[in-house]
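Trainee: This is the structure I have questions about; it appears just below.
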Amino acid sequence: MKRIAVFVSGGGTNLQALIDAQGTVLNSGKITLVVANNADAYALERAKKAGIATEVVLKKQCGSQAAFEERLKEVLTAHGIDIIVLAGFMTILTENFTSCYPKRILNVHPSLIPSFCGEGFYGLRVHQAALDYGVKVTGATVHFVNEIPDGGEIIAQKAVYIEDGDTPETLQRRVMEQAEWILLPEAAEKVCKEL
Ligand code: GAR
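Going by numbering that gives the first Met the number 0, the first residue of the sequence shown is number 0, and it counts up by one from there.
Here it is, written out as structure tokens:
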């Protein structure tokens with residue numbers, strides 16, 4: 000059983016999908032730690048309800064990006080973590096961090112990479128950009144994380160149709176329901192199983 004840490008910043012619906020998948024889809028890994036970079040993240044409540052250990056690591060308190068990443072590494076080592084899943088983690092990790100965990104960090108992104116991705120594309124902004132461009136199909140991508148934002152090897156993708164009258168909010172919800180919440184647990188299982 001691989002030990003999984005999930006990094007979160009907000010609501011944590013993807014974390015919830017991973018928790019709910021344990022014992023059904025997710026059998027080769029166990030979520031043993033949830034790390035938030037925001038003390039108010041509702042995802043922390045979800046973790047506590049599921050009896051999962053939590054840590055809050057604040058960049059501001061650490062003083063610099065380098066110190067923030069060192070603290071994250073310490074926490075991961077202390078918990079014996081094998082795999083890291085970024086599930087709505089709204090801060091970029093530099094090569095100092097990512098190079099320590101090659102093919103051990105997964106991220107879920109709410110578009111079909113290479114569309115609408117990279118620095119500045121996160122959360123509702125991604126869906127706003129898809130609607131502004133006028134694409135008819137979008138989706139979600141799970142990929143390995145390297146030093147290039149949203150640039151690591153793709154593990155899985157799922158397409159979702161845009162509907163007339165979609166707003167960023169309705170589209171975000173459909174992409175989550177039809178793609179992210181299915182794809183992320185499946186990809187986590189695949190990576191844990193093959194490790
Ligand atoms: C999800 O849609 C996730 O794909 C996205 O933020 C949302 C987090 O929701 N991540 C990014 O945009 C990363 N670039 P959640 O907290 O409910 O899982």
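No residue lacks a Cβ here, since even glycine has one placed at the ideal position from N, Cα and C.
Applying the criterion that 16 or more other CB atoms from any shown protein chain within 10 Å of the CB defines a buried residue, is residue 113 buried or exposed?
Mentor: As a first step, residue 113 must be located in the sequence shown, where it is residue number 114. Exposed is the call here.
Trainee: Using DSSP's beta-bridge definition, name the partner residues of residue 143.
Mentor: Sequence index remark: in the sequence shown, residue 143 carries index 144 (1-based). In DSSP, residue 143 forms a bridge with 105.
Trainee: How about residue 123 and residue 167: are their beta carbons less than 8 Å apart?
Mentor: Residue numbering aside, residue 123 sits at position 124 when the sequence shown is read from its first letter. Residue numbering aside, residue 167 sits at position 168 when the sequence shown is read from its first letter. Result yes, Cβ atoms of residue 123 and residue 167 sit closer than 8 Å.
Trainee: Quick check: the Cα distance between residue 144 and residue 163, rounded to an integer number of angstroms?
Mentor: Counting from 1 along the sequence shown, the entry for residue 144 is found at position 145. Counting from 1 along the sequence shown, the entry for residue 163 is found at position 164. Rounded to whole angstroms, residue 144 to residue 163 spans 33 Å at the Cα level.
Trainee: Mind checking residue 0: buried by the 16 CB within 10 Å criterion, or exposed?
Mentor: Numbered from its first residue, the sequence shown carries residue 0 at position 1. It is exposed - the Cβ of residue 0 has fewer than 16 other Cβ atoms within 10 Å.
Trainee: Please look up how many angstroms separate the CB atoms of residue 183 and residue 13, rounded, as I've assumed it's under 8 Å.
Mentor: Indexing the sequence shown from 1 puts residue 183 at position 184. Indexing the sequence shown from 1 puts residue 13 at position 14. That pair is a contact at about 5 Å.
Trainee: Given that a residue counts as buried once 16 or more other Cβ atoms are within 10 Å of its Cβ, and exposed if not, what is residue 77?
Mentor: Here residue 77 refers to the residue found at position 78 when the sequence shown is read from its first residue. So residue 77 ends up on the exposed side.
Trainee: Does ligand 1 have a heavy atom nearer than 7 Å to the CB of residue 42?
Mentor: Against the sequence shown, residue 42 aligns to sequence position 43. Yes, Cβ of residue 42 sits closer than 7 Å to a heavy atom of ligand 1.
Trainee: To which residues of the same chain is residue 81 closer than 8 Å at the C-beta, ignoring the five residues directly before and after it?
Mentor: Here residue 81 refers to the residue found at position 82 when the sequence shown is read from its first residue. Taken in chain order, the residues that qualify are 1, 2, 3, 28, 103, 191 and 194.
Trainee: With a 10 Å radius around its C-beta and 16 neighbouring C-beta atoms as the bar for buried, classify residue 109 as buried or exposed.
Mentor: Here the question's residue 109 lines up with position 110 in the sequence shown. Buried, since its Cβ has 16 or more Cβ neighbours within 10 Å.
Trainee: DSSP three-state call for residue 76: helix, strand or coil?
Mentor: For the purposes of this step, residue 76 is taken as the residue at position 77 of the sequence shown. Here residue 76 sits in helix by DSSP.
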